[in-house]
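Undergrad: First the structure, then my questions, so here it is.
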Amino acid sequence: MKILSVSTATNHLSVALNEDQQVIVEKNERDERNHSKHLDPLIEEILKENKLTLNDIDRFAVAIGPGSYTGLRIGITTVKMFASILNKEVVGISTLQALAKGVKEPALVITGLDARNDNYFAAGYISGDIPKNVIPDGHYNIDVLIKAIQEYAAQNKVNKIIFVGSGLEKRDEKIKTLDIPYEYGTDEQNVIHAGLIGQLAVDAEPVDPDKLLPRYLRRTQAEVDWHKKTGKPFEPDSHYVEEV
Numbered sequence: 000m001k002i003l004s005v006s007t008a009t010n011h012l013s014v015a016l017n018e019d020q021q022v023i024v025e026k027n028e029r030d031e032r033n034h035s036k037h038l039d040p041l042i043e044e045i046l047k048e049n050k051l052t053l054n055d056i057d058r059f060a061v062a063i064g065p066g067s068y069t070g071l072r073i074g075i076t077t078v079k080m081f082a083s084i085l086n087k088e089v090v091g092i093s094t095l096q097a098l099a100k101g102v103k104e105p106a107l108v109i110t111g112l113d114a115r116n117d118n119y120f121a122a123g124y125i126s127g128d129i130p131k132n133v134i135p136d137g138h139y140n141i142d143v144l145i146k147a148i149q150e151y152a153a154q155n156k157v158n159k160i161i162f163v164g165s166g167l168e169k170r171d172e173k174i175k176t177l178d179i180p181y182e183y184g185t186d187e188q189n190v191i192h193a194g195l196i197g198q199l200a201v202d203a204e205p206v207d208p209d210k211l212l213p214r215y216l217r218r219t220q221a222e223v224d225w226h227k228k229t230g231k232p233f234e235p236d237s238h239y240v241e242e243v
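Residue numbers for the sequence shown follow numbering that gives the first Met the number 0, beginning at 0 and rising by one.
Given below as structure tokens:
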């Protein structure tokens, strides 16, 4: 099964072609912050180099969040369009699970993306071929995240923690209070790789392209402003996402 995978969730752009679990090719651009211009050329480059067309792809996969609001929409809209037009399968993969898959050694993997003001999009996973989620993907203040790790560690044997993603090393003084051996991820582990998304996509359940939506894990500023202005309750993400 040929899988084309995309991550536009952060400032790191990644596109990969997999044949089942084998990563055929992965191309990455770091800190470009211009995914709308660079995504399609990267896809075209990968297909051309491997003498393929979009119609040769069996399944599309994309990081659905958390991450940059604009970035997520770019990647998700692109694969939704491909899957809808070509009648192909599509799956969404948690950004945080994709980060956890980059860790090969046995550990509790805390994946996090800096959300500013001591807040993180974060989760806890047990490393493995398909990382097992043990602390739910969420939007956490650092103190709440530390408490969640402590509660999990108190009920489970945790010999080592590996922190991957962005910004967690800035909170090292708080992390030390866990009193559990830990380390931070390498540069390669700290970014999202489309090849790993493709590997997770092999066993993931395909969804209707119209139901593939971003998982922001917190309200956008536009939603907050709308709520303040109207007084109406927040609605499902699908009410705020443009259909393609």
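Where a beta carbon is used, it is the ideal one built from N, C-alpha and C, also for glycine.
Since the model is a prediction, treat every value here as computed from it, not as a measurement.
How many angstroms separate the CA atom of Val133 from the CA atom of Ser93?
TA: Rounded to whole angstroms, Val133 to Ser93 spans 14 Å at the Cα level.
Undergrad: Quick one: is Arg214 near chain C, going by C-beta distance under 9 Å?
TA: Among the protein chains of the structure shown there is no chain C, as only one such chain exists.
Undergrad: Short check: CB of Pro56 to CB of Arg214, under 9 Å?
TA: For clarity, residue 56 is Ile in the given sequence; the question names Pro instead. Contact: no.
Undergrad: Taking three-plus beta-carbon pairs below 8 Å as touching, is the stretch 73–89 in contact with the stretch 110–117?
TA: no
Undergrad: Would you mind working out which of Gly127, Gly164, Met0 and Val143 sits nearest His192, comparing C-alpha positions?
TA: Closest option to His192, Cα to Cα, is Gly164.
Undergrad: Tell me, to the nearest whole angstrom, how far the beta carbon of Gln154 is from that of Leu177; I am working on the premise that it is less than 8 Å.
TA: Not really, about 14 Å apart at Cβ, beyond 8 Å.
Undergrad: Hey, how far is the Cα of Val102 from the Cα of Thr229?
TA: For Val102 and Thr229, the gap between their C-alpha atoms comes out near 45 Å.
Undergrad: Whole angstroms is fine: what's the gap from Ala122's alpha carbon to Gln188's?
TA: 15 Å
Undergrad: Let me know if Arg58 comes out buried or exposed under the rule of 16 or more other beta-carbons within 10 Å of its beta-carbon.
TA: Classification of Arg58: buried, given that the 10 Å Cβ count is 16 or more.
Undergrad: Give me, in chain order, the residues of the same chain whose beta-carbon lies closer than 7 Å to that of Ile179; leave out the 5 immediate sequence neighbours on both sides.
TA: Ala152, Val157 and Ile160
Undergrad: In the structure shown, what three-state DSSP assignment does Tyr68 receive?
TA: Note: Tyr68 maps to helix in three-state DSSP.
Undergrad: Note down, in chain order, each residue of its chain lying with its Cβ closer than 6 Å to the Cβ of Glu204, except the 5 sequence neighbours on either side.
TA: none
Undergrad: Which parts of the stretch 86–158 are runs of the alpha helix (DSSP H), unbroken and 4 residues or longer, counting only runs that do not cross its ends?
TA: 94–100 and 141–154
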